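Numbering (the numbering used here), first residue to last: 1 to 337.
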């Protein structure tokens with residue numbers, strides 16, 4: 001298939017592009033480069049041996065999107081583009097709703113006008129809010145008392161996809177609810193390169209390891225977990241990328257929803273210890289007050305994706321730590337060296 005990969009220059013997008021190419025698909029990267037780098041696309045081409053075409057575009061600008069995509073030939077869309085920082089979304093709610101919702105609406109409208117029916121949407125485990133039970137399966141309530149505009153924008157986008165499919169039965173859509181992506185390509189050529197202070201645990205740890213930051217902030221040690229720190233389900237970014245391809249290759253009319261996670265819960269301190277073991281670097285940390293909206297445990301039940309997509313994670317947390325360190329140690333300033 002010829003796949004339009006929105007947000008294809010980002011962390012998850014760049015790894016998904018490589019896996020798509022490895023599986024024999026063609027990739028067109030669409031990105032506005034507001035939180036990504038053209039260097040990532042150059043390295044995708046370097047690693048794959050394929051010249052990857054790029055469209056620079058803000059998808060939330062519907063008229064610009066229609067013009068830019070009018071003559072572009074593609075068979076399917078994997079939609080990763082969007083704003084994704086939980087804390088920032090609390091400070092800039094209207095921006096998050098405008099960008100994240102308008103881009104999806106524009107894309108679905110363009111697809112319908114063109115008769116392109118295959119659509120994979122990047123959602124998030126944040127739609128589950130503070131879970132009632134763990135591990136979380138797809139039957140768990142979603143869209144209830146969510147803590148951030150980011151989480152609400154993901155849930156609202158899911159409803160937009162369902163509504164579009166009801167009105168347009170030919171639409172074949174998959175909604176993928178991610179847990180916590182970590183790791184990097186084992187070559188060290190592509191990885192997570194956040195702007196400013198990282199919002200996620202692993203890039204913060206790796207920046208401490210290369211001396212960019214003095215210490216890790218651990219937000220809360222009083223949770224009802226084995227060591228008091230928050231527990232999350234960490235999934236290697238290449239396993240996540242392979243989940244997208246599995247979903248695309250098994251797509252069918254209707255809307256299906258899958259959790260993409262490892263099914264294993266690891267605390268913040270578990271990750272710190274695993275990284276220290278993998279890298280040989282000591283990670284100093286300081287315990288800070290818990291953040292509003294953080295939950296104690298977020299862990300996937302990935303059984304449905306295992307069974308229906310014939311997909312499962314194959315890489316460990318230790319491998320993710322090793323690959324993250326390989327990326328950061330080779331690229332201490334990310335793509336902007």
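Idealized CB from N, CA, C, for every residue including glycine.
These numbers were taken from a predicted model, which means no experiment stands behind them.
Using 8 Å as the Cβ pair cut-off and three pairs as the minimum, do the region 235–249 and the region 56–68 touch?
-> Because the criterion of three Cβ pairs below 8 Å is not met, the region 235–249 and the region 56–68 do not touch.
Since I believe residue 3 is in contact with residue 74 (beta carbons under 8 Å), could you give me their beta-carbon distance rounded to a whole number of angstroms?
-> 7 Å
Which term fits residue 140, buried or exposed, when burial requires 16 or more other beta carbons within 10 angstroms of its beta carbon?
-> buried
With 16 as the cutoff for other CB atoms within 10 Å, does residue 39 come out buried or exposed?
-> buried
Top-ranked residue by Cα proximity to residue 219, from 290, 21, 26 = Relative to the Cα of residue 219, the nearest Cα in the group 290, 21, 26 belongs to 290.
So residue 237 is in the alpha helix (DSSP H); what residue range does that whole segment cover?
-> Where residue 237 is concerned, the enclosing alpha helix (DSSP H) stretches over 237–249.
When the Cα atoms are used, what is the spatial distance from residue 310 to residue 279?
-> 32 Å
Spatial neighbours of residue 96 within its chain, please: CB distance less than 7 Å, with the 5 preceding and 5 following residues excluded, ordered by chain position.
-> Closer than 7 Å at Cβ, skipping near neighbours: 83, 89, 149, 150, 153.
Once you ignore the five residues that flank residue 87 on each side, which residues in its own chain have a CB closer than 6 Å to its CB?
-> Correct list: empty, nothing qualifies.
Candidates 126, 28, 44, of which the one nearest residue 261 by Cα = 126
Classification of residue 327 by the beta-carbon crowding that lies within 10 angstroms, buried from 16 upward | buried
Comparing alpha-carbon positions, which option in 169, 199, 159, 255 lies nearest residue 180?
-> 199
Could you tell me which uninterrupted beta strand (DSSP E) segments, each at least 3 residues in length, are contained entirely in the region 237–315, listed from first to last along the chain?
-> 254–260, 265–267, 285–288
Taking just the CA atoms, how far does residue 41 sit from residue 104?
-> Roughly 23 Å between the two C-alpha positions.
Identity of the residue in 33, 128, 192, 28 nearest residue 293 by Cα | 128
Which runs of the alpha helix (DSSP H) spanning at least 4 residues fall entirely within the region 4–28, listed in chain order?
-> 11–22
Could you please give me the residues that DSSP links to residue 56 through a beta bridge?
-> The secondary-structure analysis by DSSP pairs residue 56 across a beta bridge with 31.
According to DSSP, residues forming a beta bridge with residue 76 = 3, 118
Of all the alpha helix (DSSP H) runs that stay within the bounds of the region 166–208, which reach a length of 4 or more residues?
-> DSSP runs (the alpha helix (DSSP H)) wholly in the region 166–208: none.
From the DSSP output, in three-state form, read off residue 69 for me.
-> helix
Burial state of residue 208 (16 or more Cβ within 10 Å) | buried
In chain order, what residues of the same chain lie with their CB nearer than 8 Å to the CB of residue 145, ignoring the 5 residues before and after it?
-> 129, 130
What does DSSP give as the partner residues of residue 136 in its beta bridges?
-> 300
Would the beta-carbon of residue 172 fall within 8 Å of that of residue 117?
-> Yes; because the gap between Cβ atoms is below 8 Å, this pair is in contact.
Quickly, what does DSSP pair residue 232 with across the bridge? List them, please.
-> 266, 298
What separation, rounded to the nearest whole angstrom, lies between the Cα atoms of residue 342 and residue 14?
-> Since the first residue shown for the chain is 1 and the last is 337, residue 342 is missing from the structure and cannot be characterised.
In the structure shown, what three-state DSSP assignment does residue 123 receive?
-> DSSP places residue 123 in strand when its eight states are reduced to three.
Determine the direct distance from the alpha carbon of residue 257 to that of residue 124, and round the result to whole angstroms.
-> 11 Å
Classify residue 83 as helix, strand or coil using the three-state DSSP reduction.
-> coil
Output the boundary residues of the alpha helix (DSSP H) element that contains residue 329.
-> 317–330
Which residue's Cα is closest to the Cα of residue 18: 77, 245, 62?
-> 245
State the DSSP-derived secondary structure class of residue 217, mapped to helix, strand or coil.
-> strand
Residue 37: first and last residue of the uninterrupted alpha helix (DSSP H) it sits in | In the DSSP assignment, residue 37 falls outside any alpha helix (DSSP H), carrying neither H nor E.
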